[in-house]
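Engineer: Have a look at the structure that comes next, please.
There are 2 protein chains.
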Amino acid sequence: MNEQRPYSKVLDRLRGAGLRPTRQRLALAKLLFEGGDRHLTAEMLHDEARAAGVGVSLATVYNTLHQFQDAGLLREIVVDAGRSYFDTNMLTHHHFFCEDTGDLVDIPADQVQINALPEPPAGKTIDRVDVVVHVRARG
Amino acid sequence: MNEQRPYSKVLDRLRGAGLRPTRQRLALAKLLFEGGDRHLTAEMLHDEARAAGVGVSLATVYNTLHQFQDAGLLREIVVDAGRSYFDTNMLTHHHFFCEDTGDLVDIPADQVQINALPEPPAGKTIDRVDVVVHVRARG
DNA sequence: TGTCAAGTTTAGAATAATTACAAATTGTGG
DNA sequence: CCACAATTTGTAATTATTCTAAACTTGACA
Ligand SMILES: [Mn+2]
Ligand SMILES: [Mn+2]
Ligand SMILES: [Zn+2]
Ligand SMILES: [Zn+2]
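Below is the structure:
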């Protein structure tokens with residue numbers, strides 16, 4: 000449908016977020032947001048960009064991921080010590096995490112029902128509930 | 000009660016795990032296991048040990064934490080990017096995590112009821128379900 | 001109780017992910 | 001187009017952690 004204007008969607012998205020549509024940001028946004036829901040590390044995205052012929056430094060990949068996150072286009076997921084995943088699915092949801100492969104797979108929020116939660120510690124308020132289902136290759 | 004033999008408990012614990020009771024391991028085990036359930040980083044434990052007058056290197060703290068983990072005396076918790084917590088509570092349970100302070104607080108398993116979970120991806124088997132309730136200082 | 005091999009500790013180097021910096025480049029309103 | 005702020009980038013710095021190889025303990029047993 001938008002083969003004539005391959006950047007119009009991400010362009011609107013960047014404009015909506017108040018971010019200048021630079022060559023690098025357009026290319027990264029295309030990789031991030033036009034392939035369905037994705038879970039990527041900075042290094043993975045950098046490799047994809049280079050493979051797609053996009054000249055972009057790793058520093059810019061980090062900058063861009065954080066800017067997108069601040070703009071509400073992404074969120075960061077922590078499941079693996081010493082490695083951050085960025086998740087393009089902004090709906091409330093949970094994850095399968097496969098320790099063998101490092102893969103993250105979404106679980107829609109309505110497929111996890113939490114019927115009880117204790118009161119948070121005094122003076123604290125609940126921000127978000129993360130459920131991570133650790134899975135392994137069947138053995 | 001065991002003031003006469005202040006190390007007998009941790010000594011038994013190390014013996015049971017097949018670990019030689021060295022000065023360093025005894026001291027770290029005492030700090031870890033005789034103060035109720037704890038959630039510590041390697042750096043925190045190192046600082047505590049030094050404050051208690053125990054000469055121990057940071058490398059040994061890391062070695063010891065991993066050995067204790069392999070022996071089933073501890074488990075590692077990942078909630079904060081780039082920092083590992085070690086948890087002395089080996090019962091199945093969940094956590095409050097306060098992003099402001101970095102504090103982890105246990106939630107007993109029976110206070111979280113999960114009434115639905117989807118099938119794991121093909122060929123995968125569920126290992127463990129981690130629930131992390133992110134909380135913030137009330138604003 | 002002394003010996004010795006195996007297990008353990010350690011200082012410091014190495015690694016990996018991420019962030020900081022300051023100079024060069026680019027996007028945009030006028 | 002211009003001026004100027006925003007952005008990008010190569011490189012250095014930082015942080016948590018792991019590796020290494022030499023020095024030191026421990027425990028079995030003679
Ligand atoms: Mn971040
Ligand atoms: Mn570990
Ligand atoms: Zn996701
Ligand atoms: Zn815990």
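Chains A and B, in that order, give the protein sequences.
Per numbering that gives the first Met the number 0, residue 0 is the first one in the first sequence, and the count goes up by one each step.
Per numbering that gives the first Met the number 0, residue 0 is the first one in the second sequence, and the count goes up by one each step.
For each residue, glycine too, the CB sits at the ideal point set by N, CA and C.
Predicted model only: the values in this text are computed from it and were never measured.
1. By DSSP, does V9 of chain B sit in helix, in strand, or in coil?
2. So, helix, strand or coil for L18 of chain A, using DSSP?
3. Find the residues of chain A that neighbour K123 of chain B, judging by a C-beta separation of less than 8 Å, and give them in chain order.
4. Is there at least one non-hydrogen atom of ligand 3 closer than 8 Å to the beta-carbon of I106 of chain B?
5. Quick one: give me the first and last residue of the alpha helix (DSSP H) that V149 of chain A is part of.
6. Using a Cβ-Cβ distance cut-off of 9 Å, determine whether N114 of chain B contacts chain A.
7. Alpha carbons only, please: which of A:A80, A:E42, A:G138 and A:L27 is nearest the one belonging to L72 of chain A?
8. Hey, would you say the C-beta of I76 of chain A is under 8 Å away from at least one heavy atom of ligand 3?
9. Around the C-beta of T124 of chain B, are 16 or more other C-beta atoms found within 10 angstroms, so that it is buried, or is it exposed?
10. Could you spell out the range, first to last residue, of the beta strand (DSSP E) harbouring R74 of chain B?
11. Could you tell me whether the Cβ of N1 of chain B comes closer than 9 Å to any Cβ of chain A?
12. Which residue or residues does DSSP assign as beta-bridge partners of T27 of chain B?
13. Hey, quick one: how far does the alpha helix (DSSP H) through D46 of chain A stretch, first residue to last?
14. Mind checking T87 of chain A: buried by the 16 CB within 10 Å criterion, or exposed?
15. Given that R127 of chain A touches chain B, what residues does it touch there, using C-beta distances under 7 Å?
16. If the cut is a Cβ gap below 8 Å, which residues of chain A does Q110 of chain B touch?
17. Name the chain B residues whose beta carbon is nearer than 8 Å to that of D79 of chain A?
18. Per DSSP, F85 of chain A is paired with what?
19. Are the CB atoms of I106 of chain B and H92 of chain B nearer to each other than 9 Å?
20. When the Cβ atoms of the segment 61–68 of chain A are set against those of the segment 13–33 of chain A, are three or more pairs found closer than 8 Å?
21. Return no unless some Cβ of chain A is closer than 9 Å to the Cβ of V60 of chain B.
22. Could you check the C-alpha separation between D11 of chain B and Q110 of chain A for me, to the nearest Å?
23. Given this structure, state the Cα-to-Cα distance separating D79 of chain B from G122 of chain A, to the nearest angstrom.
24. Please state the DSSP three-state secondary structure of A70 of chain A.
25. Which class does T63 of chain B belong to by DSSP, given the choice of helix, strand or coil?
26. Compare the beta carbon distance of Y6 of chain A and L39 of chain A with 9 Å and say whether it is the shorter of the two.
Structural biologist: Result, derived from the coordinates:
1. Position 10 of the second sequence, counted from the start, is the residue given in the question as residue 9 of chain B. Correct three-state label for V9 of chain B: helix.
2. Taking the first residue of the first sequence as 1, we reach residue 18 of chain A at position 19. If DSSP states are grouped into helix, strand and coil, L18 of chain A belongs with coil.
3. Counting from 1 along the second sequence, the entry for residue 123 of chain B is found at position 124. Those within 8 Å of K123 of chain B in chain A are F95, C97, V134, R135, A136 and R137.
4. Sequence index remark: in the second sequence, residue 106 of chain B carries index 107 (1-based). Because no heavy atom of ligand 3 lies under 8 Å away, the Cβ of I106 of chain B does not count as near it: no.
5. Because chain A spans 0 through 138 in this model, residue 149 of chain A falls outside it and cannot be assessed.
6. Within the second sequence, residue 114 of chain B is the residue found at index 115, counting from 1. Yes - at least one Cβ of chain A is within 9 Å of the one on N114 of chain B.
7. Here residue 72 of chain A is taken as the residue at index 73 of the first sequence, counted from 1. L72 of chain A has its Cα closest to that of A:L27, out of A:A80, A:E42, A:G138 and A:L27.
8. Residue numbering aside, residue 76 of chain A sits at position 77 when the first sequence is read from its first letter. For ligand 3, at least one heavy atom lies less than 8 Å from the Cβ of I76 of chain A.
9. For this step, residue 124 of chain B is matched to residue 125 along the second sequence. Exposed is the call here.
10. On the second sequence, position 75 is the one that residue 74 of chain B refers to. Segment R74 to D79, the beta strand (DSSP E) holding R74 of chain B.
11. As a working note, residue 1 of chain B is residue 2 in the second sequence. In this predicted model, N1 of chain B has a pLDDT of only 43, less than 50, meaning its place in the structure is not dependable; the value taken from the coordinates is given anyway. Not an interface residue.
12. As a working note, residue 27 of chain B is residue 28 in the second sequence. The question names Thr, yet the displayed sequence has Leu at residue 27 of chain B. Paired residues: none, contrary to the question.
13. Reading the first sequence from its first residue, position 47 is the one you call residue 46 of chain A. First-last of the alpha helix (DSSP H) with D46 of chain A: A41 to A50.
14. Here residue 87 of chain A refers to the residue found at position 88 of the first sequence. The residue in question, T87 of chain A, is buried, as its Cβ has 16 or more Cβ neighbours within 10 Å.
15. Taking the first residue of the first sequence as 1, we reach residue 127 of chain A at position 128. H133, listed in chain order.
16. Indexing the second sequence from 1 puts residue 110 of chain B at position 111. Neighbours of Q110 of chain B on chain A, chain order: A115, L116 and P117.
17. For the purposes of this step, residue 79 of chain A is taken as the residue at position 80 of the first sequence. What D79 of chain A touches in chain B: V77.
18. Taking the first residue of the first sequence as 1, we reach residue 85 of chain A at position 86. Beta-bridge pairing links F85 of chain A to A:L39 and A:E75.
19. Within the second sequence, numbered from 1, the residue matching residue 106 of chain B stands at position 107. Within the second sequence, numbered from 1, the residue matching residue 92 of chain B stands at position 93. Between I106 of chain B and H92 of chain B, the C-beta spacing is below 9 Å.
20. Touching, yes.
21. Position 61 of the second sequence, counted from the first residue, corresponds to residue 60 of chain B. Not closer than 9 Å to any Cβ of chain A, the Cβ of V60 of chain B fails to qualify, so no.
22. For the purposes of this step, residue 11 of chain B is taken as the residue at position 12 of the second sequence. For the purposes of this step, residue 110 of chain A is taken as the residue at position 111 of the first sequence. Going from the Cα of D11 of chain B to the Cα of Q110 of chain A covers about 45 Å.
23. For the purposes of this step, residue 79 of chain B is identified with residue 80 of the second sequence, where counting begins at 1. For the purposes of this step, residue 122 of chain A is identified with residue 123 of the first sequence, where counting begins at 1. Cα to Cα, the separation comes out at about 21 Å.
24. As a working note, residue 70 of chain A is residue 71 in the first sequence. Coil.
25. Taking the second sequence and counting its residues from 1, one reaches residue 63 of chain B at position 64. T63 of chain B falls in the helix class under three-state DSSP.
26. Counted from its first residue, the first sequence places residue 6 of chain A at position 7. Counted from its first residue, the first sequence places residue 39 of chain A at position 40. In this structure, L39 of chain A does not lie closer than 9 Å to Y6 of chain A by Cβ.
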